[in-house]
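Residue numbers (the working numbering), protein chains in the order written: chain C, 60 to 432; chain S, 5 to 200.
As structure tokens, this is what we get:
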């Protein structure tokens, strides 16, 4: 009879949430995006992901063995890091790129700080930042183009070829503009069109330039392009392109109560509002569709649902999470619209990750009954 | 303390970079290549030895209240000599080290040794200390630079180490690469010391 009662201090309520449970569920939630990646870019994206995962798990096991702490690779957190990291590279990356990124993410980003729960920033994003700083040519610019022909050139719903069609209808567009629309991710196109020094070189006539750039800009958020962005039929990283697949995973996580709605909602909401207000260019009037272009493109969906919500590196308090998410959103929009990079999701989350202890401190609710000093 | 002991302590046991953790700024900034590292180390060693001797010589006539300005003037004099000598004889190295040569004036290893050692010890020991610490600093810089240059450029002191197909890890040459290399090396050294 005595065995049936547990005499212990609070908390007395338990549920089955555990680290392996959470991590493996996030891995499951990421699988639709992988399926879409394989569909668009072929089996290479799957192999790269597997390489990244194996490298991450092996690094974690090796370091935990060397540190003489329990080897916890079965909890799935290293699998998740390897997966998220590989989702951030191009499907045409060399095979060693996910290895370098995963090893760095686990060794420097996580184990150097003491392992799971002690990392100040998201290891996968740190790995991505490392890859971007080390091999910029493989991580930006033209690397995405090579991924396009596999499937997209044959495709009928293709954001990039949509732009080319628009181009075909324009009279007197220079080769430069043509190169632009056929050779980059949608965000890169948007960034270039916002750059007046580029726009002025399309033709010699300023009025024509404005007209052309405005039309091209508008084609970024017409229904066809938005549809392509939603399904993922655009250039980009392995796991970031398909909004649909990522939303499927996100709904699963929200339903399982693994992630909380505050961070994704306020993050994406902030990006939506700010790009609606400030995202336009001269020659293309304001449109309610423009913010949809911004929230569907780049890594925002992946970042907002799967990276910003990381337990270790996001605030504990509810208000803190809102502050965190708005900060991420503001930084993302600032980097996208006025920064040097076309995409700012990873850096904005990394930046807010290091702000997290401060946010927690400032938003900690007053203990019940305690009088303010 | 014996002369030999003073001479060798700076190399490993009291290595100014890895153990005393002084002079981080030049260590991080000039360890992008082995050539830069050795050049910087030699320049700092020259200044360190000369300033140690000079400060040890004048320690009895230096008023205690203004000793730091006095040290800085002495050090600055030797730095000016090194700066001009390097500009004259090794202009390429001088150009690639740039601002970090004049900045030896405020290098905390040199001021630290003046304050912690030379103003309390005789000339001979201060000379040994200067040589040892300078060599330790050069060694540390070269070790950091070895990792950074091989990873970030595929070469060591200009000689190609990695195969032609090696795609250099650019971050090793950037500031984060310097911090991570230095941190990893220091952690390794601490680990080895703990094991002893």
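Glycine is no exception: its CB is placed at the ideal position from the N, C-alpha and C atoms. Just so it is clear, the structure is predicted and the values come from calculations on it, not from any experiment.
Indicate the three-state DSSP secondary structure (helix, strand or coil) for residue i in the structure shown.
i                      : result
residue 167 of chain C : coil
residue 114 of chain S : helix
residue 97 of chain S  : helix
residue 163 of chain S : strand
residue 416 of chain C : helix
residue 281 of chain C : coil
residue 74 of chain C  : coil
residue 210 of chain C : Residue placement at residue 210 of chain C cannot be trusted, given a pLDDT of 38 that sits under 50; what the coordinates show is reported in the next sentence. The answer is coil: DSSP assigns residue 210 of chain C none of H, G, I, E or B.
residue 317 of chain C : coil
residue 68 of chain S  : helix
residue 101 of chain C : coil
residue 22 of chain S  : coil
residue 180 of chain S : helix
residue 370 of chain C : coil
residue 194 of chain C : coil
residue 176 of chain C : coil
residue 293 of chain C : coil
residue 264 of chain C : coil
residue 182 of chain C : helix
residue 160 of chain C : helix
residue 154 of chain S : helix
residue 250 of chain C : helix
residue 87 of chain S  : helix
residue 171 of chain S : coil
residue 121 of chain S : helix
Is any non-hydrogen atom of the ligand COA found closer than 7 angstroms to the C-beta of residue i, if you look at the structure I gave you?
i                      : result
residue 130 of chain S : Judged by which ligands are present, the structure shown has none, so any question about the ligand COA falls away.
Within its chain, find whatever has a CB closer than 6 angstroms to the CB of residue i; leave out the 5 residues flanking it on each side and keep chain order.
i                      : result
residue 407 of chain C : 387, 390 and 391
residue 352 of chain C : 279 and 280
residue 83 of chain S  : 51, 108 and 109
residue 155 of chain S : 173 and 176
residue 79 of chain S  : 55, 109 and 114
residue 325 of chain C : 381, 384 and 385
residue 97 of chain C  : 104 and 105
residue 157 of chain S : 172
residue 395 of chain C : 403
residue 276 of chain C : 252, 340 and 343
residue 169 of chain C : 178 and 182
Looking only at DSSP bridge pairs, what is residue i linked to?
i                      : result
residue 340 of chain C : C/343
Could you tell me whether the Cβ of residue i comes closer than 8 angstroms to any Cβ of chain S?
i                      : result
residue 408 of chain C : no
residue 189 of chain C : yes
residue 231 of chain C : For residue 231 of chain C, the predicted structure reports a pLDDT of 44, less than 50, and the residue's modelled location is therefore unreliable. The matter cannot be settled from this model.
residue 194 of chain C : yes
residue 122 of chain C : no
residue 318 of chain C : no
residue 110 of chain C : no
residue 418 of chain C : no
residue 167 of chain C : yes
residue 216 of chain C : With a pLDDT of 33 at residue 216 of chain C, under the threshold of 50, the predicted position of this residue should be treated as unreliable, and no value is reported.
residue 225 of chain C : Note on residue 225 of chain C: pLDDT 46, under 50, position unreliable in the model; the coordinate value appears next. Output row for residue 225 of chain C: interface = no.
Using a Cβ-Cβ cutoff of less than 7 angstroms, which residues in the same chain neighbour residue i once the five nearest sequence positions on both sides are dropped?
i                      : result
residue 178 of chain S : none
residue 159 of chain S : 153 and 165
residue 215 of chain C : Bear in mind that the predicted position of residue 215 of chain C carries a pLDDT of just 33, short of 50, making it unreliable; the figure below should be weighed with that in mind. Taken in chain order, the list of residues that qualify is empty.
residue 100 of chain S : 40
residue 22 of chain S  : 144, 189, 190 and 193
Might you give, ordered along the chain, the residues of its own chain that have their beta carbon closer than 8 angstroms to the beta carbon of residue i, omitting 5 neighbours on each side?
i                      : result
residue 119 of chain S : 71, 72 and 75
residue 413 of chain C : 179 and 180
residue 7 of chain S   : 128, 129 and 132
When you compare the CB of residue i with every CB in chain C, is at least one pair closer than 8 angstroms?
i                      : result
residue 184 of chain S : yes
residue 133 of chain S : no
residue 189 of chain S : no
residue 87 of chain S  : no
residue 90 of chain S  : no
residue 96 of chain S  : no
residue 174 of chain S : yes
residue 178 of chain S : yes
residue 68 of chain S  : no
Identify the contact partners of residue i in chain A, using a Cβ-Cβ distance below 7 angstroms as the criterion.
i                      : result
residue 196 of chain S : No chain A is part of this structure, whose protein chains are labelled C and S.
Complete runs of the beta strand (DSSP E) confined to the region 26 to 50 of chain S [at least 3 residues]:
none
Alpha helix (DSSP H) segments (min. 4 residues) lying fully within the region 373 to 429 of chain C: 377 to 397 and 404 to 422
query = Along the chain, which unbroken stretches of the alpha helix (DSSP H) at least 4 residues long are found entirely within the region 84 to 153 of chain C?
reply = DSSP runs (the alpha helix (DSSP H)) wholly in the region 84 to 153 of chain C: 102 to 125 and 136 to 146.
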